[in-house]
Every structure is written in C-alpha cells, then in structure tokens.
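Remarks on the structure that follows.
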Amino acid sequence: MNLGMPTLIEVETVAETAALCAELGLSFVELNTNFPLHQPHLLDADQLNELAQRYGIFYTIHLNDEMAIAEFNPAVSGGYRMAVAQTIDVAKKIGAKKLNMHLSDGAKYTMPDRVVLFYDAYRDEYLRQISSFRDFCEQQIGDSGIVICIENTNGFRNFQRAALEILLESPVFALTLDIGHNYCADRVDEVFYFYNRTRLTHMHMHDAKNGKNDHLALGEGELDLPFFVKLAQECDCTVVLETKTVEGLKKSAQWVKNTGLL
Numbered sequence: 011m012n013l014g015m016p017t018l019i020e021v022e023t024v025a026e027t028a029a030l031c032a033e034l035g036l037s038f039v040e041l042n043t044n045f046p047l048h049q050p051h052l053l054d055a056d057q058l059n060e061l062a063q064r065y066g067i068f069y070t071i072h073l074n075d076e077m078a079i080a081e082f083n084p085a086v087s088g089g090y091r092m093a094v095a096q097t098i099d100v101a102k103k104i105g106a107k108k109l110n111m112h113l114s115d116g117a118k119y120t121m122p123d124r125v126v127l128f129y130d131a132y133r134d135e136y137l138r139q140i141s142s143f144r145d146f147c148e149q150q151i152g153d154s155g156i157v158i159c160i161e162n163t164n165g166f167r168n169f170q171r172a173a174l175e176i177l178l179e180s181p182v183f184a185l186t187l188d189i190g191h192n193y194c195a196d197r198v199d200e201v202f203y204f205y206n207r208t209r210l211t212h213m214h215m216h217d218a219k220n221g222k223n224d225h226l227a228l229g230e231g232e233l234d235l236p237f238f239v240k241l242a243q244e245c246d247c248t249v250v251l252e253t254k255t256v257e258g259l260k261k262s263a264q265w266v267k268n269t270g271l272l
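Taking the working numbering, the leading residue of the sequence shown gets 11, the next gets one more, and so forth.
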C-alpha cells in the first residue's frame with residue numbers, strides 16, 4: 011500500500027507538488043485534469059519522469075469530474091472519450107497505472123413534482139453508451155496494465171450501479187472508494203464496495219463530520235479511520251490523502267506518522 015497526495019490549488023507547479031510529496035514522505039502524486047495546466051496536451055512527460063526519478067515518486071491521474079462519456083450526442087461523448095484516450099497516452103509515457111474517474115449524473119429534466127435524469131429515463135441507451143466506452147478503453151489501454159478506477163461521489167444511482175456492473179466486466183476497470191464521500195452519502199455504497207472488494211484498488215482518504223463537511227484532515231472528523239485503513243491494507247490500495255489545502259495535507263501526513271496506522 012502506498013500513500014499519495016492530490017493536486018492542490020495552492021501549489022502552482024508540478025515541480026512544487028512533487029517536492030512537497032517527497033518532503034512529506036509520500037509515494038505518489040495524483041495529477042488532476044480538472045486543472046488547466048494538467049490537460050493531457052500540456053503535461054510534459056519528460057519533465058514528469060525526471061521529477062519522479064529525482065524524488066522517488068510515481069503518479070496516478072484524476073480525470074475531469076464531468077467526464078460525460080455516455081452522452082447521447084456522439085460529438086459530445088466523442089470529445090470526452092478523446093480526452094480519456096489522450097490521458098491514457100500520457101499515463102503510458104509516465105508509468106501511471108491508475109486513472110480515477112467519476113460517473114456523471116448527466117443532464118436533468120425538472121418537472122413540477124420531480125427531477126428526472128436523462129440517463130435514468132433512457133437507461134437502455136445510456137448503458138449501450140457505457141458498453142461502447144468500456145470497449146473503447148480496452149482498445150486504448152491494451153496490455154499497458156492501466157486501470158480506470160471509478161470513484162463514488164454522492165451515492166451511485168441505480169442506473170450508475172448498472173453501468174458499474176458493465177464496466178467491471180472488463181479487467182481495465184476497477185474501483186476507487188472515497189471514504190469521505192461515502193460517509194456524506196450515508197454510506198449507501200458500502201455494501202457494493204464490500205461485495206466487489208476484489209476490484210477495489212484505489213482510495214481517497216479524508217475525514218468528515220456532521221454528515222456534510224468532507225475533505226477534512228485525518229483525525230478532524232468522525233470517520234472510523236482504522237477500519238478503512240485496514241480495508242486499504244487488505245486490498246493493497248494506493249491511498250490519496252485527499253484534503254484540499256496544504257495545511258490539511260500536512261496534518262493528515264502527521265496523523266499517519268503519529269498513529270502508525272499507515
């Protein structure tokens with residue numbers, strides 16, 4: 011099991027991020043394509059490899075949060091799929107073996123008495139798009155050993171559970187468990203994750219409290235951290251200490267050292 015850090019908005023460059031990672035005794039950086047400078051066409055593989063060698067670290071990559079790879083318009087879904095392909099290409103060049111991805115809720119249709127999600131209303135077409143995306147990723151990844159780890163956010167909806175079943179038919183897909191998101195969503199995804207624990211390979215670890223304040227430093231919330239540490243160890247997960255500030259990251263790294271749990 012290896013511990014890593016997220017990309018932080020307070021840290022401007024990849025070089026500074028890599029240096030901070032090494033300073034805190036962490037093993038990897040999760041690059042994040044939500045950030046303008048982390049777009050696949052802008053990432054410098056040679057620089058990233060040099061930094062990895064200099065500091066003894068490696069990389070994972072967080073795909074854009076709004077990865078609408080199942081949109082019904084092929085021009086839209088195709089653009090997102092091309093972004094995934096570009097990221098896979100970068101991952102191959104820098105030895106990043108895990109990509110982290112959210113499942114988009116898609117567009118919504120607001121009625122007087124309820125909100126309808128288009129992916130749910132047109133589930134068959136949505137799932138056809140998911141199957142197509144799975145096959146596309148298999149072709150792009152090939153025998154590189156890269157896996158795309160699907161992360162829980164606000165609790166998977168039924169149509170997303172069905173999508174996960176399709177994606178997990180392929181060895182190029184796996185799971186990310188975000189323990190803070192899980193807590194804030196009333197732990198609705200836990201049974202699914204425990205049932206599919208053999209596919210759990212990545213974890214976002216941060217604390218939370220009051221059912222809503224997630225991304226806190228470890229030890230500042232009310233999660234059963236030893237339980238999830240044990241799960242991460244049993245599944246040999248890579249674990250991102252996913253706070254949103256440098257201060258929070260340093261507190262989490264210190265918590266790790268003080269408790270000796272990780």
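Heads up, the beta-carbon is just placed ideally off N, CA and C, and yes, glycines get one too.
Hey, could you find the ends of the alpha helix (DSSP H) residue i is sitting in?
i: VAL24; result: 24-33
i: HIS191; result: 189-194
i: CYS147; result: 133-151
i: LEU259; result: 256-269
i: ASP99; result: 84-104
Going by the CB atoms, is the gap between residue j and residue i shorter than 8 Å?
i: LEU228; j: SER262; result: yes
i: TYR136; j: TYR129; result: yes
i: ALA173; j: THR211; result: no
i: ASP246; j: GLY190; result: no
i: ARG171; j: PHE202; result: yes
i: LEU178; j: ASN206; result: yes
i: THR17; j: LYS108; result: no
i: GLU148; j: SER114; result: no
I think residue i touches residue j, with their Cβ atoms under 8 Å apart; what is that distance to the nearest whole Å?
i: VAL39; j: ILE19; result: Not confirmed; about 14 Å, so no contact.
i: LEU259; j: LEU251; result: 6 Å
i: ILE71; j: ALA101; result: 6 Å
i: MET11; j: ALA242; result: 6 Å
I need the straight-line Cα distance from residue i to residue j, nearest angstrom please.
i: CYS31; j: GLN49; result: 20 Å
i: MET111; j: ILE158; result: 7 Å
i: GLY105; j: PHE45; result: 20 Å
i: PRO122; j: ARG133; result: 22 Å
i: ALA55; j: GLY152; result: 20 Å
i: SER142; j: GLU33; result: 42 Å
i: SER154; j: HIS51; result: 20 Å
i: ALA25; j: ILE98; result: 21 Å
For the beta strand (DSSP E) that contains residue i, what are its first and last residues?
i: THR42; result: Note that residue 42 corresponds to Asn in the displayed sequence, not to Thr. From DSSP, the beta strand (DSSP E) with ASN42 extends over 38-42.
Quick one: residues in its chain with C-beta nearer than 7 Å to the C-beta of residue i, no 5 flanking neighbours on either side, listed in chain order?
i: SER87; result: ALA78, ILE79, ALA80, GLU81 and GLN139
i: LEU187; result: ASN162, TYR203, LEU210 and MET213
i: GLY165; result: ALA195, VAL198 and ASP199
Cutting at 6 Å between CB atoms, please list the residues of its own chain near residue i, excluding the five before and the five after it.
i: LEU58; result: ILE104
i: ASP217; result: LEU226, LEU228, GLU230, GLY231 and LEU233
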